[in-house]
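The next block holds one structure in the form of structure tokens; read it before the comments.
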Amino acid sequence: TGPLRLVLLVATLLGLNFAALHLQRVQLRLIAVLTWMIFSISLVARVRYVDVADAAGEFTIWSYYSILLLLALLVADQVARLRQDLIGRSEQLEQALSRVRDMAMRDDLTGLYNRRQLMEYLNRQKALADRGSLAFALCYVDLDHFKRVNDYFGHKQGDEVLKAFAEIARKVVREGDFVARIGGEEFVLVL
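Residues in the sequence shown are numbered consecutively from 975, following my numbering.
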């Protein structure tokens, strides 16, 4: 009947657009094709087995339904594509934010924690030590005569010495220990 067809049309069109917020584009197309096939089969059955006076009118209704379903599918497909793009960009943004957080915590040259991160870590460790939960030791390391390395071999070679020291420091401390570069050739180990 007319009202039932209208409900089917509205449900299909709204359903496709709502589904676009949750389903993949291929799934949307499958739903649209299945819906169109069911509607077409029911229309053929209605014309063939029920006494329908206006077969041309039924075909017109089927044509309008097909066109509207195609338009709804195009809109739903665009919504699904935009949702996928948004998800992809959100993941990229999350990765970029993670890199920025890491860059804010670490020294660019050595990859060790920086002074700000050291101070935050020391505050946490001191709070634990004050409660009697955990004791810790600080080791201050200053590479002797480092200026001579820079003056004699150049800053590029000096940077290589700092990187090598950082790598050695990371390898010799335990997993729970903390190594930071606080500036120049000065390092702090929290054990």
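Every residue gets a Cβ at the ideal spot worked out from N, C-alpha and C, and that includes glycine.
The structure presented is a predicted model; accordingly, all values stated were derived computationally and were not measured.
The beta carbon of Q1131 is closer than 7 Å to those of V1123 in its chain, skipping five residues each way along the sequence.
With a minimum length of 4 residues, the unbroken runs of alpha helix (DSSP H) contained wholly in the stretch 1079–1152 fall at 1089–1104, 1120–1127 and 1129–1146.
According to DSSP, residue pairing for F1161 in a beta bridge involves V1115 and R1155. Between I1005 and L990 a beta carbon distance of about 7 Å is seen, short of the 8 Å cut, so the two are scored as contacting.
Of all alpha-carbon atoms in L982, R999 and A1019, the one lying nearest the alpha-carbon of S1040 is that of L982. Rounded to whole angstroms, L1047 and L1008 show a C-alpha spacing of 12 Å.
In this model, V1026 and L1067 are separated by some 59 Å (Cα to Cα).
Within 10 angstroms of the beta-carbon of A1154 lie 16 or more other beta-carbons, which makes it buried.
Here D1151 is near L1165, since their CB atoms are less than 8 Å apart.
In this structure, the straight-line span from the alpha carbon of F1110 to that of R999 is close to 56 Å. For F1139, the number of other beta carbons within 10 angstroms of its own is at least 16, and it is reported as buried.
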